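Trainee: Be aware that the sequence shown starts at 585, since it is given in this note's numbering, and climbs by one per residue.
Below is one structure. I have some questions about it.
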Amino acid sequence: MMKEKRFFLSALVMLFFGLCLLFLYNKSISFEEDETLKKQMDALLLTLHNKIEETTHVSLASSVILAKSPHVIGCLQNQDRTQCLDYLLDIKNTMALSGVFENARLHLHTKEFKSFMRLWDYRNESNDDLSAFRHVLEKVKATKRPIKGIEIGRNGMFMRAIAPVFNQEEYVGTIETVVDFKDMSRYFKKDGVELYVLMKNEYAVIANASEYSPNLTLDNYTIVNQSTNGLHFIKSANFQGTGYMKMGDSYVLYTPIVDINGEYVGFFVLTWSESLSLASFKG
Numbered sequence: 585m586m587k588e589k590r591f592f593l594s595a596l597v598m599l600f601f602g603l604c605l606l607f608l609y610n611k612s613i614s615f616e617e618d619e620t621l622k623k624q625m626d627a628l629l630l631t632l633h634n635k636i637e638e639t640t641h642v643s644l645a646s647s648v649i650l651a652k653s654p655h656v657i658g659c660l661q662n663q664d665r666t667q668c669l670d671y672l673l674d675i676k677n678t679m680a681l682s683g684v685f686e687n688a689r690l691h692l693h694t695k696e697f698k699s700f701m702r703l704w705d706y707r708n709e710s711n712d713d714l715s716a717f718r719h720v721l722e723k724v725k726a727t728k729r730p731i732k733g734i735e736i737g738r739n740g741m742f743m744r745a746i747a748p749v750f751n752q753e754e755y756v757g758t759i760e761t762v763v764d765f766k767d768m769s770r771y772f773k774k775d776g777v778e779l780y781v782l783m784k785n786e787y788a789v790i791a792n793a794s795e796y797s798p799n800l801t802l803d804n805y806t807i808v809n810q811s812t813n814g815l816h817f818i819k820s821a822n823f824q825g826t827g828y829m830k831m832g833d834s835y836v837l838y839t840p841i842v843d844i845n846g847e848y849v850g851f852f853v854l855t856w857s858e859s860l861s862l863a864s865f866k867g
């Protein structure tokens, strides 16, 4: 009888330790999987940052070079669009053909912070005042130095690079290379990740020259880089800082968009299927 009790107790003890080991093993596996996921998401965020930096860096080089052109200088100095229109149209077409930027836009501003010529709408000669919301133009005039980053204008949220234009020592205005997020979206999509660029709805009054489908409007944000809304499941999301969540069989990673002026104007949101490996993103 005593032997049976000892055997039974020994079996219980072994079972207990076995369950403990199994629990610890599963926790270890879960921890390793979480750590791997976090590292991959860090790499994904770094890739996003690098792509933005790469795009704005090339854009800035474009603006700085064009600011030295006699065509551009004469255009702003003499307030005569014909002096640079054909030249800039040729530059834009060359950029598209070379694959540098498929959808690059060029925009000239006067030294009084008015729109002098939007190359994508060059027949519009309204010279609208930008001083109320394009505060970066004031920074460029004050510092006489080029600047790059994300900013919201009448036509929406874009990556922008602005360079001052001088006629010898005289400041005559600025030229800007404007790039949307379509190429970046395609870059992530090829590896199974969807990128959504969300603008806070409070800035829609500035982007009043853009028409966004009601389908692209969430409760707090508007999707500015997609033609369809794949974020219905987070319609009322109120993101805070950088983080991630799991919604059904999808992961959602988000990080704030800080514009040239240091303001939080929206969020980058990346989504992908739970079954997708992020190993291809090295940062």
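We treat Cβ as the ideally placed atom computed from N, Cα and C, and that holds for glycine.
All values derive from a computational prediction rather than experimental measurement.
Going by DSSP in three states, residue 719 sits in which element: helix, strand or coil?
Mentor: Here residue 719 is taken as the residue at index 135 of the sequence shown, counted from 1. If DSSP states are grouped into helix, strand and coil, residue 719 belongs with coil.
Trainee: Can you tell me whether residue 633 is buried or exposed? The criterion is at least 16 other CB atoms within 10 Å of its CB, across all chains shown.
Mentor: Locating residue 633 in the sequence shown gives position 49, counting from the first residue. The residue in question, residue 633, is exposed, as its Cβ has fewer than 16 Cβ neighbours within 10 Å.
Trainee: Check each candidate in 850, 658, 757 and 722 and name the one with the smallest Cα separation from residue 695.
Mentor: In the sequence shown, residue 695 corresponds to position 111, counting from 1. When the alpha-carbon of residue 695 is set against those of 850, 658, 757 and 722, the nearest one is in 757.
Trainee: Out of 851, 783, 784 and 856, which one is the CA nearest neighbour of residue 814?
Mentor: Counted from its first residue, the sequence shown places residue 814 at position 230. Of the candidates 851, 783, 784 and 856, the one whose C-alpha sits nearest the C-alpha of residue 814 is 856.
Trainee: Closest by CA to residue 753, which one among 853, 646, 636 and 657?
Mentor: In the sequence shown, counting from the first residue as 1, residue 753 sits at position 169. The candidate whose alpha carbon is nearest that of residue 753 is 657.
Trainee: Mind pulling the beta strand (DSSP E) runs of 3 or more residues that sit fully within the region 759-803?
Mentor: Secondary structure remark: continuous beta strand (DSSP E) runs of at least 3 residues inside the region 759-803, in chain order: 778-784.
Trainee: Tell me the DSSP secondary structure of residue 658 in three-state form.
Mentor: Residue mapping note: residue 658 aligns to position 74 of the sequence shown, counting from 1. The answer is helix: DSSP assigns residue 658 an H, G or I state.
Trainee: Give the range of the beta strand (DSSP E) segment to which residue 747 is assigned.
Mentor: Translated into positions along the sequence shown, residue 747 becomes position 163. Where residue 747 is concerned, the enclosing beta strand (DSSP E) stretches over 740-751.
Trainee: Relative to the C-alpha of residue 851, which candidate in 622, 629, 624 and 623 has its C-alpha closest?
Mentor: Counting from one through the sequence shown, the residue named residue 851 turns up at place 267. Measuring from the Cα of residue 851, the nearest candidate turns out to be 629.
Trainee: Look at the Cβ atom of residue 785, then the Cβ atom of residue 804, and state whether they are nearer than 8 Å.
Mentor: As a first step, residue 785 must be located in the sequence shown, where it is residue number 201. As a first step, residue 804 must be located in the sequence shown, where it is residue number 220. In this structure, residue 804 lies closer than 8 Å to residue 785 by Cβ.
Trainee: Of the residues 732, 664 and 636, which one's Cα is nearest the Cα of residue 769?
Mentor: Reading the sequence shown from its first residue, position 185 is the one you call residue 769. Considering only alpha carbons, the answer is 636.
Trainee: Buried or exposed: which applies to residue 707, given that a residue is buried once 16 or more other Cβ atoms fall within 10 Å of its Cβ?
Mentor: Counting from 1 along the sequence shown, the entry for residue 707 is found at position 123. Residue 707 is exposed by the Cβ-count criterion.
Trainee: Please state if the CB of residue 817 and the CB of residue 829 are separated by a distance shorter than 8 Å.
Mentor: Here residue 829 refers to the residue found at position 245 of the sequence shown. Here residue 817 refers to the residue found at position 233 of the sequence shown. No, Cβ-Cβ distance for residue 829 and residue 817 is not below 8 Å.
Trainee: Assuming residue 731 and residue 724 make a contact with CB atoms under 8 Å, what is their CB distance in whole Å?
Mentor: Residue 731 sits at position 147 when you count from the first residue of the sequence shown. Residue 724 sits at position 140 when you count from the first residue of the sequence shown. About 6 Å; that satisfies the 8 Å criterion.
Trainee: Under 7 Å from any heavy atom of the ligand ADP, does the C-beta of residue 776 make it?
Mentor: For the structure depicted, the ligand ADP is absent and the ligand set is empty, with no information on it obtainable.
Trainee: Where does residue 724 sit, in a helix, a strand or coil, going by DSSP?
Mentor: Reading the sequence shown from its first residue, position 140 is the one you call residue 724. Judged by DSSP in its simplified three-state form, residue 724 adopts helix.
Trainee: What is the DSSP secondary structure of residue 632, counted as helix, strand or coil?
Mentor: For the purposes of this step, residue 632 is taken as residue 48 along the sequence shown, with counting starting at 1. Helix at residue 632.
Trainee: Is it true that the CB of residue 653 sits closer than 8 Å to the CB of residue 743?
Mentor: If you number the sequence shown from 1, residue 743 lands on position 159. If you number the sequence shown from 1, residue 653 lands on position 69. It is not a contact, given that the beta carbons lie outside the stated cut-off.
Trainee: Under a three-way DSSP split, which group does residue 648 fall into?
Mentor: By 1-based counting over the sequence shown, the position of residue 648 is 64. It is helical.
Trainee: Give the DSSP-derived three-state secondary structure of residue 675 in the structure shown.
Mentor: Start at 1 with the first residue of the sequence shown, and residue 675 comes out as number 91. Residue state, collapsed to three classes: helix.
Trainee: List the endpoints of the continuous beta strand (DSSP E) containing residue 733.
Mentor: Locating residue 733 in the sequence shown gives position 149, counting from the first residue. Counting along the chain, the beta strand (DSSP E) containing residue 733 begins and ends at 731-737.
Trainee: Are the region 701-715 and the region 677-686 touching, with three or more C-beta to C-beta distances below 8 Å?
Mentor: no
Trainee: Tell me, please, which residues DSSP counts as bridged to residue 805.
Mentor: As a working mapping, residue 805 is identified with position 221 in the sequence shown. For residue 805, which the question treats as bridged, DSSP gives the partners 784.
Trainee: Residue 854 and residue 777: beta carbons closer than 8 Å?
Mentor: As a position in the sequence shown, residue 854 is number 270, starting the count at 1. As a position in the sequence shown, residue 777 is number 193, starting the count at 1. The answer is yes: Cβ separation under 8 Å.
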